[in-house]
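J.:
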Amino acid sequence: MLGLKRYQTNKQALDMEQSEKIGIYSVSINLILVGIKGALGFFSGSVGLLADAIHSLTDVISSATVVAGIRLSRRKSKSFPYGLYKLENFVSLLSSIFIFVAGYEILHTVFINHQELKVEHLPHAVGGIIVAIGIAFAFSRYELHKGQALNSPALVADAKHIKTDMLSSIVIFGGLLSGFFGVNLDKIAAGIVALFIFKAGIEVFLNAIRVLLDASLDFETMDKIKAIIEKDPAVVSIKLLRGRNSGPFKFIEAEIIVRSRDLHKAHETSQRIENEIKSKIPHVDQVLIHYEPQEKETMIYAIPLLEDKEHVSDHFGEAPFYYVVKIRRKDGLVVEEACFKNPVGKQEKGKGIKVSKWLLEKGVDRVYSPKGLDGKGPGYVFSDAGVEVIQMHEKTLQEIMKHLGNKSETRESSNTES
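Position one of the sequence shown corresponds to residue 2 (my numbering), numbered consecutively onward.
Structural data, given as structure tokens:
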């Protein structure tokens, strides 16, 4: 268990370092795009290119903020014992503001600047914008893939930001081509770019706000976590299940009802569930499980019987029948009883374990066995589920019924319920 936790901690640190490295790449790429678009816009007189250069400049600021957010978010202290993971989401929020600023600057340039296109420089501008589109496309795909793999909201937001840069460059490209035919669509193209930018800004803004306000994890993830908990045989029910994101990581809290009243067994159950969740759900930082024993008014007992349904079978897994009885705890009254045929009696292998799981589905709390089940497959199944196994010397069902609930019974498991 200690090795698993150390592995998870080391993996988180490596993921954060890789996120930071990709963020630095993003700053460099955006600086190159600013240079290309700014120079082309100046020489060609394209308002769209100059506006797009401003857009890329906000990308530089945004990417630099992403790097700073990733570096700060992995720090933990006494004041922030859970880390500063939400700084990444705060950075994403700032990134959305930069996107809105870029859109505003482009619209402002469209309505204020009256500069005309210089046709003689259009071929260079078109060639340069094609190069810029190629760079933006390749890097945005790379950063989005890495951001999703590392579960980094800041990298995903930055990748979407660069994607809007690419889309805006495509529109500008169309505006520049129109100049060859004597039609100046440059400013119209710049206005369309602004719409792309505002749309991307809204998406990034809303995603960041959801996490900062501790919105729940998505339904699909929560359903997977619920299924993992309910699958554990020791769990009776789930009282509460919560999950939230903080930066790239998930935090999960659950309150469960367990069969066992033994604290050690209950703790083992919670640890088992925690490890299962962390192995099946990616990027889980912490799982907090509160557990409490099941309070029951009745107890369900299971007794293996021979063909005559009166004498107890010495072989638990091969018993032809099982007598299952529900008894009220306060007065020992039989509430419900039934005799079931062994559902796996004709199978050659694994009868004991299969019967044990079948009895768990019946909700049994205690199982009687003449020889006990210590060190056997069924014994482990019942132990994990918090079901008590009672080794008895009585040979008939009638004798056992007389002694049900007697404190002098020899218990194989220390996990008793009073």
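Glycine is no exception: its CB is placed at the ideal position from the N, C-alpha and C atoms.
Could you have a look at GLU418 and say whether DSSP puts it in helix, strand or coil?
T.: Within the sequence shown, numbered from 1, the residue matching residue 418 stands at position 417. With a pLDDT of 38 at GLU418, under the threshold of 50, the modelled position of that residue is not reliable, and the figure given next carries that caveat. Looking at GLU418 - three-state DSSP - the assignment turns out to be coil, as it is neither helix nor strand.
J.: Taking the beta strand (DSSP E) that LEU241 falls in, what are its first and last residues?
T.: As a first step, residue 241 is located in the sequence shown; it is residue number 240 there, counting from the start. From DSSP, the beta strand (DSSP E) with LEU241 extends over 236-247.
J.: Once DSSP output is grouped into helix, strand and coil, what is the label at LYS350?
T.: Sequence index remark: in the sequence shown, residue 350 carries index 349 (1-based). Three-state result, LYS350: coil.
J.: Candidates ALA320, LYS147 and PRO124: which alpha carbon is nearest SER179's?
T.: Against the sequence shown, residue 179 aligns to sequence position 178. Here the closest residue by C-alpha is PRO124.
J.: For ALA126, which residues from the same chain have a beta carbon less than 7 Å from its beta carbon, with the 5 sequence-adjacent residues on both sides left out?
T.: Position 125 of the sequence shown, counted from the start, is the residue given in the question as residue 126. Cβ neighbours of ALA126 beyond the five flanking positions: LEU41, SER45, SER47, LEU50 and LEU177.
J.: Helix, strand or coil for ARG367, going by three-state DSSP, please let me know.
T.: Taking the sequence shown and counting its residues from 1, one reaches residue 367 at position 366. Here ARG367 sits in strand by DSSP.
J.: Can you tell me whether GLY380 is buried or exposed? The criterion is at least 16 other CB atoms within 10 Å of its CB, across all chains shown.
T.: Within the sequence shown, numbered from 1, the residue matching residue 380 stands at position 379. Per the 10 Å Cβ criterion, buried.
J.: Please classify ARG211: does DSSP put it in a helix, a strand, or coil?
T.: For the purposes of this step, residue 211 is taken as residue 210 along the sequence shown, with counting starting at 1. In the structure shown, ARG211 sits in a helix (DSSP, three-state: H, G or I).
J.: Is the beta carbon of HIS284 sitting closer than 7 Å to the one on PHE252?
T.: Taking the first residue of the sequence shown as 1, we reach residue 284 at position 283. Taking the first residue of the sequence shown as 1, we reach residue 252 at position 251. Taking 7 Å as the Cβ cut-off, HIS284 and PHE252 do not qualify as a contacting pair.
J.: Does the beta-carbon distance from ILE173 to ASP53 come in below 7 Å?
T.: Taking the sequence shown and counting its residues from 1, the one referred to as residue 173 is at position 172. Taking the sequence shown and counting its residues from 1, the one referred to as residue 53 is at position 52. Yes, the Cβ-Cβ distance between ILE173 and ASP53 is below 7 Å.
J.: By the three-class DSSP mapping on this structure, what secondary structure does PRO294 have?
T.: Counting from one through the sequence shown, the residue named residue 294 turns up at place 293. Strand, per DSSP.
J.: Does LYS251 come out as helix, strand or coil in the three-state DSSP assignment?
T.: The sequence position of residue 251 within the sequence shown is 250, counting from 1. Strand, per DSSP.
J.: Run through the segment 142-186 for me and flag every whole alpha helix (DSSP H) of 4 or more residues, listed as ranges in chain order.
T.: Within the segment 142-186, the complete alpha helix (DSSP H) runs of at least 4 residues are 154-180.
J.: Going along the chain, which residues of its own chain have a beta-carbon closer than 8 Å to the beta-carbon of LEU32, five neighbours each way excluded?
T.: In the sequence shown, the residue the question calls residue 32 occupies position 31. So the list reads VAL61, once near-sequence residues are dropped.
J.: Mind the definition here: the segment 320-328 touches the segment 286-294 only if three or more C-beta pairs lie below 8 Å; say whether that holds.
T.: They do not touch, by the three-pair rule.
J.: So, helix, strand or coil for VAL259, using DSSP?
T.: Locating residue 259 in the sequence shown gives position 258, counting from the first residue. Strand, per DSSP.
J.: Does the segment 299-312 come close enough to the segment 328-347 that 3 or more CB-CB pairs lie under 8 Å?
T.: As far as the Cβ criterion goes, the segment 328-347 touches the segment 299-312, which means the pair count is three or higher.
J.: Do GLY104 and ALA195 count as a contact pair if the criterion is CB distance below 7 Å?
T.: Here residue 195 corresponds to residue number 194 of the sequence shown, with the count starting at 1. Here residue 104 corresponds to residue number 103 of the sequence shown, with the count starting at 1. For ALA195 and GLY104, yes; Cβs fall inside 7 Å.
J.: Is the Cβ-Cβ distance between SER169 and PHE206 less than 7 Å?
T.: One-based indexing of the sequence shown puts residue 169 at position 168. One-based indexing of the sequence shown puts residue 206 at position 205. The answer is no: Cβ separation not under 7 Å.
J.: So, at 8 Å on beta carbons, what are the nonlocal neighbours of PRO321 in its own chain, with the 5 sequence-adjacent residues on each side left out?
T.: In the sequence shown, the residue the question calls residue 321 occupies position 320. Correct list, in chain order: LEU306, LEU307, GLU308, SER314, LYS342, ASN343 and GLY346.
J.: Confirm the yes/no value for this check: CB of LYS377, any heavy atom of the ligand COA, distance under 6 Å.
T.: The model depicted lacks the ligand COA and carries no ligand whatsoever.
J.: Could you give the C-beta distance for THR270 and VAL259, rounded to a whole number, given that I count them as a contact under 8 Å?
T.: In the sequence shown, counting from the first residue as 1, residue 270 sits at position 269. In the sequence shown, counting from the first residue as 1, residue 259 sits at position 258. With 8 Å as the limit, THR270 and VAL259 qualify as a contact, their Cβ atoms being about 5 Å apart.
J.: Could you tell me the boundaries of the beta strand (DSSP E) in which VAL382 lies?
T.: Position 381 of the sequence shown holds residue 382. Taken as a continuous stretch (DSSP letters only), VAL382 belongs to no beta strand (DSSP E), being part of the alpha helix (DSSP H) at 378-386.
J.: Does the Cβ of LYS87 have 16 or more other Cβ atoms within 10 Å, making it buried, or fewer, making it exposed?
T.: Within the sequence shown, numbered from 1, the residue matching residue 87 stands at position 86. Looking at its Cβ environment, which holds 16 or more other Cβ atoms inside 10 Å, LYS87 is buried.
J.: Which residues in the same chain have their Cβ closer than 6 Å to the Cβ of LEU361, if we skip the five residues on either side of it in sequence?
T.: Position 360 of the sequence shown, counted from the first residue, corresponds to residue 361. Excluding sequence neighbours, LEU361 sits near PRO234 and ALA386.
J.: Would you please state the rounded distance, in angstroms, between the beta carbons of VAL388 and ASP366? I believe it to be under 8 Å.
T.: Taking the first residue of the sequence shown as 1, we reach residue 388 at position 387. Taking the first residue of the sequence shown as 1, we reach residue 366 at position 365. 6 Å between Cβ atoms; contact.
J.: ILE301 and ILE274: beta carbons closer than 7 Å?
T.: Here residue 301 corresponds to residue number 300 of the sequence shown, with the count starting at 1. Here residue 274 corresponds to residue number 273 of the sequence shown, with the count starting at 1. No, these two residues do not count as a Cβ contact at 7 Å.
J.: Let me confirm a value: TYR8 is counted as buried when at least 16 other C-beta atoms fall within 10 Å, else exposed. Which label applies?
T.: Counted from its first residue, the sequence shown places residue 8 at position 7. In this prediction, TYR8 scores a pLDDT of 46, lower than 50, which makes its location untrustworthy; the coordinate-derived value is nonetheless stated afterwards. Exposed.
J.: May I ask you to report which of helix, strand or coil DSSP gives LYS188?
T.: Walking along the sequence shown from the start, residue 188 turns up at place 187. In this structure, LYS188 counts as helix in the three-state DSSP scheme.
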